[in-house]
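Asker: Residue numbers for the sequence shown follow this note's numbering, beginning at 44 and rising by one. One structure, pasted below without further comment.
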Amino acid sequence: MRIGLVTGPWIPVPPATYGGTERVVDTLARGFAAAGHEVLLAAPADSTCPVQLVPGMRPTDYGGLGTTISELSHVVRAYEGLQDVDIIHDHTLAGPLYLHRPPGVPVATTIHGPLHDQAADIYRAVARKGAVIAISRDQASHAPDVPVTRVIHHGMDLSAVPVGTGSGGYLCFVGRSSPDKGLVEAITIARQAGLHLKIAVKMREPDEVRYFRDVIEPMLGPNEDFVGEVDDATKYRLVGEALAFLNPIQWSEPFGLVMIEALATGTPVVGTYIGSAPEIVKHGRTGFLGQTEELAGFVPAAAALDRAECRKAVVGRFSAERMVAEHLELYSDLIEGRLPPGVPHGTRLHQNR
């Protein structure tokens, strides 16, 4: 197949630090190429993913993050360069609704964010002429009238992820500086458990900086070690040496990529039973899930879990190979006409492993 991939204009592929969607697309692009397919990637021009890039794209426009004009301009350029492909997988919000799509080329899109009312309006429209992929069953459940073609969990390349020893004697938190991510709760849990907490936080947007300065910074004391935003290699070392990874999220996160990253290093996850967490963490085997007030009590048992079992769970259920194979199966179905582009209302979800 000749596969066209589209990402947004704001973060390069792969990202240097933060960028979950871009990290997933990078993994897909490399996996498709390794499987012998031709990949054409419409991403910021300074992207370094080792596949063919669509010419004429602009460099990363981080200053335009979230703006409509930045995304639409990027989408126009992307589709101009994707006229000769067999299928397009668009990871932007606006692209699947673009008027000047190549005729006869199926388009699939992945819902990367929460499926709230406004997003549901968009994806109902997208589903009329394209395939819609959800990244968790929980995500899809928030708008059951949105025709979802497949549920495909994220996967990751494990080749560069070492299994840590967990010998650091501390707990770890990695995420954005946002109340949704549960950093306040993580600090409280670590203190209740009597363990040091190492904190790696993305803090770039004004709201993120404001939240950190107004809420988090005044809380920090000798029990916390703030290390800032980290690259992948540093993150894997940091998480891999932790006794447990704290993920007390306070929202229905569509897919917690950081949870499978932690498990890949062998580190068990202790988090809230919300969003996609129950689809990722096996309670009592690869971590513990519960209400926020219960989590400190789970820490000793989590630290005693088998780290090899945590890694094995990712190899079996969240590998790049599994994610790539499931996408290729969907693309083939769409190209060969075995699956209509738009799934009729009320069609039951096809839930992959």
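The C-beta atom is built at its ideal place from N, Cα and C for all residues, glycine as well.
(1) Quick check: the region 366-376 against the region 339-352, are at least 3 beta-carbon pairs closer than 8 Å?
(2) So, using beta-carbon positions, are Y122 and K245 closer together than 8 Å?
(3) Which residue wins for smallest C-alpha separation from I259, given the options V273, L286, V227, T64?
(4) Return the CA-CA distance between D164 and Y141, expressed in angstroms with no decimal places.
(5) Buried or exposed: which applies to R391, given that a residue is buried once 16 or more other Cβ atoms fall within 10 Å of its Cβ?
(6) For T91, does the count of other Cβ atoms within 10 angstroms reach 16, so buried, or fall short, so exposed?
(7) Are there three or more Cβ pairs, one per stretch, closer than 8 Å when the region 170-184 is compared with the region 275-293?
(8) Less than 8 Å between the beta carbons of H197 and L300, yes or no?
(9) Considering only DSSP beta bridges, list what N290 is partnered with.
(10) The beta strand (DSSP E) that contains Y213, what's its start and end?
(11) Since A85 contacts V49 with CB under 8 Å, what's their CB separation in whole angstroms?
(12) How would you write the range of the beta strand (DSSP E) that E267 sits in, first residue to last?
(13) With a threshold of 16 other CB atoms inside 10 Å of the CB of T70, please say whether the residue is buried or exposed.
(14) Nearest to R219 by CA position, among I154, P291, D160, is which residue?
(15) So, are the CB atoms of T103 and W53 less than 8 Å apart?
(16) Closer than 7 Å by C-beta to V204: which residues in its own chain qualify, once you throw out the five before and the five after it? Chain order, please.
(17) Could you round the C-beta distance between V148 and V128 to whole angstroms and report it? I think they count as a contact, below 8 Å.
(18) State the start and end residues of the unbroken alpha helix (DSSP H) segment that holds K355.
(19) Specify the secondary structure class of Q182 as computed by DSSP and reduced to three states.
(20) What is the DSSP secondary structure of T277, reduced to helix, strand or coil?
(21) Measure the Cβ-Cβ separation of I46 and Y374 and say whether it is below 8 Å.
(22) Just to confirm the assignment, what range does the alpha helix (DSSP H) spanning G340 have?
(23) May I ask you to report which of helix, strand or coil DSSP gives H159?
(24) In chain order, what residues of the same chain have a beta carbon less than 7 Å from the beta carbon of F331, not counting five sequence neighbours either side?
Answerer: On the basis of the data shown:
(1) no
(2) no
(3) V227
(4) 15 Å
(5) Because the pLDDT of R391 is 40, which lies under 50, any placement of that residue in the model is unreliable, and the question is left without a value.
(6) exposed
(7) no
(8) yes
(9) G314
(10) 213-219
(11) 5 Å
(12) 267-269
(13) buried
(14) P291
(15) yes
(16) Y279, A307, T308
(17) 6 Å
(18) 350-360
(19) helix
(20) helix
(21) yes
(22) 338-346
(23) coil
(24) V313, F341, A344, A345
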